[in-house]
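Peer 1: Okay, here's the structure, questions in a sec.
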Amino acid sequence: IVDPASTFIDKDVEVAKDTVILPFTILTGHTKIGSNCEIGPYSHINDSIIGEEVIIENSRIREAKIGNQCVIGPFSYIRPGTVLYDHVKVGDFVEIKKSEIGSGSKISHLSYIGDAEVGEKVNIGAGTITCNYDGYNKYATIIEDGAFIGSNTNLVAPVKIGANAVTGAGSTISSDVPPKALAVERATQKIINDWAKHKENK
355 IVDPASTFID KDVEVAKDTV ILPFTILTGH TKIGSNCEIG PYSHINDSII GEEVIIENSR
415 IREAKIGNQC VIGPFSYIRP GTVLYDHVKV GDFVEIKKSE IGSGSKISHL SYIGDAEVGE
475 KVNIGAGTIT CNYDGYNKYA TIIEDGAFIG SNTNLVAPVK IGANAVTGAG STISSDVPPK
535 ALAVERATQK IINDWAKHKE NK
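Letter by letter, the sequence shown follows residues 355 to 556 of the numbering used here.
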């Protein structure tokens, strides 16, 4: 514990040997943290199980299970019911709710993943959203092993992305994508030459 004065650890928390707790970290409930981890600074973990050699920086984790050698943060929010398997990366401004993320998968930036099953070695690009709620019910998104989700993809659940499939950046995917297929859904770019000339006289 680098700075006990700025750190809160609840009475039922268990921390294994050689783990470093950095300042302004809060560990509550029945949280268990494995060995050789680095937690904090500014992290809050509640009722969660953290594996070995995990790095969690400036993030919040609630009622989740984190595998070994995961890297989380900064500014990640892992919500109840989430399971991260080994070697998962969750980056800045990523929120995950009630989802399973397979080993070696990466969600590096600015994404929301909810009610999803994500396979192994999946790459989820920046700005990806699982559109899981239609105003009445929550629906599941399934992303199979090795899939590549392009930046700013909207996955409209219920939907399944097959193994090693690719979605083009900026696509809204509302139908299942077969394995190894490319799915692109976006308007054709138009170029209107000299369009900005009307501004010159203002």
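Glycine is no exception: its CB is placed at the ideal position from the N, C-alpha and C atoms.
When you compare the region 362-373 with the region 381-388, are there three or more beta-carbon pairs, one atom per stretch, that lie closer than 8 Å?
Peer 2: With a cut-off of 8 Å, the region 381-388 and the region 362-373 count as touching, because enough Cβ pairs lie within range.
Peer 1: To the nearest angstrom, how far is the alpha carbon of N390 from that of V425?
Peer 2: The count along the sequence shown starts at 1 and reaches residue 390 at position 36. The count along the sequence shown starts at 1 and reaches residue 425 at position 71. So the alpha carbons of these two residues sit roughly 13 Å apart.
Peer 1: Could you give the DSSP three-state label for H441: helix, strand or coil?
Peer 2: On the sequence shown, position 87 is the one that residue 441 refers to. DSSP places H441 in coil when its eight states are reduced to three.
Peer 1: Which whole runs of the beta strand (DSSP E) in the region 358-420 are 3 residues long or more, in chain order?
Peer 2: 380-382, 398-400, 414-416
Peer 1: Is it a yes or a no for the region 504-520 touching the region 474-494, going by three-plus beta-carbon pairs under 8 Å?
Peer 2: yes
Peer 1: For my contact list, P377 and S360 are in at a C-beta cut-off of 8 Å; report their separation, rounded to the angstrom.
Peer 2: Here residue 377 corresponds to residue number 23 of the sequence shown, with the count starting at 1. Here residue 360 corresponds to residue number 6 of the sequence shown, with the count starting at 1. Contact holds; Cβ gap of about 4 Å.
Peer 1: Provide the residue span of the beta strand (DSSP E) that contains T328, from first to last.
Peer 2: Nothing in the structure corresponds to residue 328, since the chain is present only between 355 and 556.
Peer 1: For the beta strand (DSSP E) that contains I467, what are its first and last residues?
Peer 2: Translated into the one-based positions of the sequence shown, residue 467 becomes position 113. Looking at the DSSP string, the run of the beta strand (DSSP E) that includes I467 is 466-468.
Peer 1: Answer yes or no: do G394 and T373 have a C-beta to C-beta separation smaller than 8 Å?
Peer 2: Indexing the sequence shown from 1 puts residue 394 at position 40. Indexing the sequence shown from 1 puts residue 373 at position 19. In this structure, T373 does not lie closer than 8 Å to G394 by Cβ.
Peer 1: Between D446, D469, V531, which lies nearest to G481 when the distance is taken from Cα to Cα?
Peer 2: In the sequence shown, counting from the first residue as 1, residue 481 sits at position 127. Of D446, D469, V531, the residue nearest in Cα terms is D446.
Peer 1: Just how far apart, CA to CA, sit E554 and I546?
Peer 2: On the sequence shown, position 200 is the one that residue 554 refers to. On the sequence shown, position 192 is the one that residue 546 refers to. Cα-Cα distance, rounded: 16 Å.
Peer 1: Can you give me the start and stop residues for the beta strand (DSSP E) that E449 sits inside?
Peer 2: Here residue 449 refers to the residue found at position 95 of the sequence shown. 449-451 is the extent of the beta strand (DSSP E) around E449.
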